[in-house]
Amino acid sequence: MTPKKAGRAMLAGVVLSAGLVLGGLSPAFAHAAPDSFADLAEKVTPAVVNISATQVVEDKKIEMPKLPPGSQLDDMFEEFLKRHRQQNGEGRSHRSSSLGSGFVIDASGIVVTNNHVIDGANEIEVIFTDGSKLKAEVIGKDAKVDVAVLRVKPPKPLAAVKFGDSDKARVGDWVLAVGNPFALGGTVTAGIISATRRNIESGPYDNYIQTDAAINKGNSGGPLFDLDGEVIGINTAILSPSGGSIGIGFATPSNTAGPVIEQLIKFGETRRGWLGVRIQNVDDSIAESLGIGKARGALVSGVDEKGPSAGAGFKPGDVIISFDGKPVANARELPKIVAQTTVGKQVDVVVIRDGKEQTKKVTLGRLEDGEAKTAREKPAVAEKPAEPAVKLHVFGLDLSPLDETVRGKFQIKDSVKAGVAIVKVDPESNAAEQHLAPGDVIVEVNRQPVASPEEVDKQAKALKAEGRKSALLLVANAQGQARFVALSLN
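Residue numbers for the sequence shown follow our numbering, beginning at 4 and rising by one.
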């Protein structure tokens with residue numbers, strides 16, 4: 004969540020909201036509200052814990068400033084540094100501690116919390132409701148879903164809770180949360196589910212449950228319970244301009260976190276499915292350009308040559324509408340579905356190509372392997388080149404052939420094999436609104452490859468003659484990552 008979109012977001016935990024006013028609701032709805040949460044709180048609170056994470060931080064060493072030779076300040080600084088070293092010691096370190104929340108999911112000593120609660124910690128301590136403390140070790144953690152799994156060794160079985168089915172949670176359902184707000188200790192809070200499937204842009208698999216149960220700093224990693232006492236979410240973040248709860252909190256759904264936790268327990272790491280395509284959302288302009296009717300699905304903008312989908316026949320311009328029997332509503336949904344699918348499984352992927360549905364079979368790879376491969380690739384370093392020659396002005400763009408001069412100027416990778424280079428963008432044009440930039444390369448116009456500025460101009464004129472409202476461009480950036488852009492022909 005960015006400050007621009009959400010004001011100030013703080014990672015946090017949970018509190019008790021005011022009761023629901025039932026006003027004009029009929030008695031059939033009113034009886035669903037519990038008289039008290041006391042029995043439920045008594046049942047689940049023994050399994051909720053506080054997490055104390057300690058990090059050892061090295062103090063910065065004070066260096067002698069560079070002074071002119073013979074400066075009278077030399078002796079003064081030498082004396083200051085001498086006293087500082089005597090009082091504080093060289094290379095002194097200090098301990099930085101943070102507090103969060105967690106919960107036990109296995110009586111043998113398996114504890115779940117947020118990754119950001121324990122990330123970078125040298126020592127982790129789990130504190131139970133009776134005041135007892137146990138040292139914890141990290142079994143595994145995942146920054147993408149923000150979960151971590153810890154292990155403690157208790158002298159006797161612990162109270163534990165289990166995960167429920169977050170997909171069954173409905174807006175308006177009562178929820179209960181227990182945590183450690185502002186280091187106060189075990190605190191029970193209640194509210195309702197305000198919304199589901201929230202995207203707060205904190206990670207690639209955002210799918211949060213929003214609740215008005217107050218979540219505050221220190222409650223990160225605490226559980227969100229349904230009225231059956233099952234965990235349907237892990238409290239992770241709040242939207243707040245002040246740092247305190249204003250009734251907008253977010254919890255990672257159990258059905259999102261659960262499979263990741265299972266992998267961390269079994270393997271000590273995540274093993275997510277990987278399709279090996281780059282995708283983007285389909286908006287109304289792109290849908291019109293592709294002739295697929297309403298906007299839906301995930302548009303393939305590129306295929307990884309070494310990825311699982313390389314030999315399965317995928318092409319840029321394919322619109323994925325179903326994956327392994329699950330509908331794909333938009334580009335946000337596909338990565339979540341793929342990531343939760345077993346590595347090595349062969350799946351059917353339904354795409355729309357040229358207005359017709361086709362089914363592709365692909366055996367999934369492992370996402371982490373693909374990320375490691377990408378990290379090992381080193382960008383090419385080019386010498387400072389001459390300025391490229393502009394040939395034509397189309398779509399508010401100055402275009403040039405993709406020659407060595409252009410490649411050197413914008414450091415365009417060899418993986419961008421052909422196309423027409425953009426060397427300047429009119430700031431008042433539709434192209435600027437679509438965030439096209441100098442160094443981008445037009446690979447296709449209207450699903451036809453282009454190799455010269457003249458071919459781009461020819462395709463634009465042909466589309467205008469057909470009465471089309473927009474032109475669909477496949478555009479690659481200098482690193483070779485491609486996306487589709489619909490530009491207005493008016």
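Built from N, CA and C at the ideal position, the CB exists for glycine as well.
Worksheet item: Looking at the structure shown, is Q414 part of a helix, part of a strand, or coil, going by DSSP?
Response: Counted from its first residue, the sequence shown places residue 414 at position 411. Coil.
Worksheet item: Bridge partners of I237, per DSSP?
Response: As a first step, residue 237 is located in the sequence shown; it is residue number 234 there, counting from the start. The partner list for I237 (beta bridge, DSSP) reads T255.
Discussion item. Quick check on DSSP: helix, strand or coil for E407?
Written reply: One-based indexing of the sequence shown puts residue 407 at position 404. Helix at E407.
Discussion item. For the segment 174-184 against the segment 142-159, do three or more pairs of beta-carbon atoms, one drawn from each stretch, fall closer than 8 Å, so that the two count as touching?
Written reply: no
Fill in: V285 in three-state terms, based on DSSP
In the sequence shown, residue 285 corresponds to position 282, counting from 1. In the structure shown, V285 sits in coil (DSSP, three-state: anything other than H, G, I, E or B).
Practice prompt. For A124, collect the residues of the same chain with a Cβ closer than 7 Å to its Cβ; drop the 5 residues on either side in sequence, then sort them by chain order.
Written response: Position 121 of the sequence shown, counting from 1, holds the residue named residue 124. These residues qualify, in order along the chain: A56, T57, Q58.
Worksheet item: Quick one: Cα of K339 to Cα of P256, how far?
Response: On the sequence shown, residue 339 is found 336 positions in, with the first residue counted as 1. On the sequence shown, residue 256 is found 253 positions in, with the first residue counted as 1. For K339 and P256, the distance between alpha carbons rounds to 12 Å.
Worksheet item: On the three-pair Cβ rule with 8 Å, is the segment 240-251 touching the segment 204-220?
Response: yes
Discussion item. Would the segment 390-409 count as touching the segment 452-468 if we require 3 or more Cβ pairs under 8 Å?
Written reply: yes
Worksheet item: Do you know how far the Cα of A468 is from the Cα of S304?
Response: Against the sequence shown, residue 304 aligns to sequence position 301. Against the sequence shown, residue 468 aligns to sequence position 465. So the two alpha carbons sit approximately 27 Å from each other.
Practice prompt. Check the C-beta distance from G232 over to K46 and give it rounded, since I have them as a contact under 8 Å.
Written response: Along the sequence shown, one-based indexing puts residue 232 at 229. Along the sequence shown, one-based indexing puts residue 46 at 43. Sure, about 5 Å apart at Cβ, within 8 Å.
Discussion item. Let me check one thing: in DSSP terms, what residues is A489 bridge-paired to?
Written reply: On the sequence shown, position 486 is the one that residue 489 refers to. DSSP lists L475 as partners of A489.
Fill in: Three-state class that DSSP yields for L23 in the structure shown
Within the sequence shown, numbered from 1, the residue matching residue 23 stands at position 20. Residue placement at L23 cannot be trusted, given a pLDDT of 34 that sits under 50; the coordinates are not used to answer.
Worksheet item: Measuring CB to CB, does V444 end up less than 7 Å from A479?
Response: Position 441 of the sequence shown, counted from the start, is the residue given in the question as residue 444. Position 476 of the sequence shown, counted from the start, is the residue given in the question as residue 479. A contact, by the Cβ cut-off of 7 Å.
Discussion item. Do A301 and I289 count as a contact pair if the criterion is CB distance below 7 Å?
Written reply: As a working note, residue 289 is residue 286 in the sequence shown. As a working note, residue 301 is residue 298 in the sequence shown. No, Cβ-Cβ distance for I289 and A301 is not below 7 Å.
Worksheet item: Taking all protein chains shown into account, do 16 or more other C-beta atoms lie within 10 angstroms of the C-beta of K348, making it buried, or fewer, making it exposed?
Response: On the sequence shown, residue 348 is found 345 positions in, with the first residue counted as 1. Exposed: under 16 other Cβ atoms inside 10 Å.
Discussion item. By the three-class DSSP mapping on this structure, what secondary structure does Q484 have?
Written reply: Here residue 484 refers to the residue found at position 481 when the sequence shown is read from its first residue. Coil at Q484, not helix or strand.
Practice prompt. Check whether the Cβ atoms of D109 and A163 lie closer than 7 Å to each other.
Written response: What you label residue 109 is simply residue 106 of the sequence shown in a count that begins at 1. What you label residue 163 is simply residue 160 of the sequence shown in a count that begins at 1. Result yes, Cβ atoms of D109 and A163 sit closer than 7 Å.
Fill in: Cβ pair G143, E272 closer than 7 Å
On the sequence shown, residue 143 is found 140 positions in, with the first residue counted as 1. On the sequence shown, residue 272 is found 269 positions in, with the first residue counted as 1. For G143 and E272, yes; Cβs fall inside 7 Å.
Worksheet item: With a CB to CB cut of under 6 Å and the five nearest residues on each side skipped, what residues in its chain are close to A489?
Response: Taking the sequence shown and counting its residues from 1, the one referred to as residue 489 is at position 486. Only S288, I289, S292, S473, L475 meet the Cβ criterion.
Worksheet item: Where does F106 land, buried or exposed, given buried means 16+ other C-beta within 10 angstroms?
Response: Position 103 of the sequence shown, counted from the first residue, corresponds to residue 106. The residue is buried, with at least 16 neighbouring Cβ atoms inside 10 Å.
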